[in-house]
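Residue numbers (full-length UniProt numbering): 1 to 63.
Glycine included, every Cβ here is placed at the ideal spot set by N, Cα and C.
Encoded as structure tokens, the structure appears first; notes follow it.
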């Protein structure tokens, strides 16, 4: 695994962990009333997607 892929993978893990922490103990209805929570979740998901799509082709072929 290339160093950049490793870093991207770590970003994905960190963002997923952030999502888990953000939603812990919350209800789905809070997304309708708490825009900060909604934006934090969307941003974390964007980070995961950006890291996923930025991975190298060698990472893809090894998986």
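First and last residue of the uninterrupted alpha helix (DSSP H) at residue 46: 35-53
Quick one: residues in its chain with C-beta nearer than 6 Å to the C-beta of residue 44, no 5 flanking neighbours on either side, listed in chain order? 15, 18, 19
Tell me the rounded alpha-carbon separation between residue 29 and residue 21. 17 Å
Residue burial classification, residue 13 (beta-carbon count within 10 angstroms, cutoff 16): exposed
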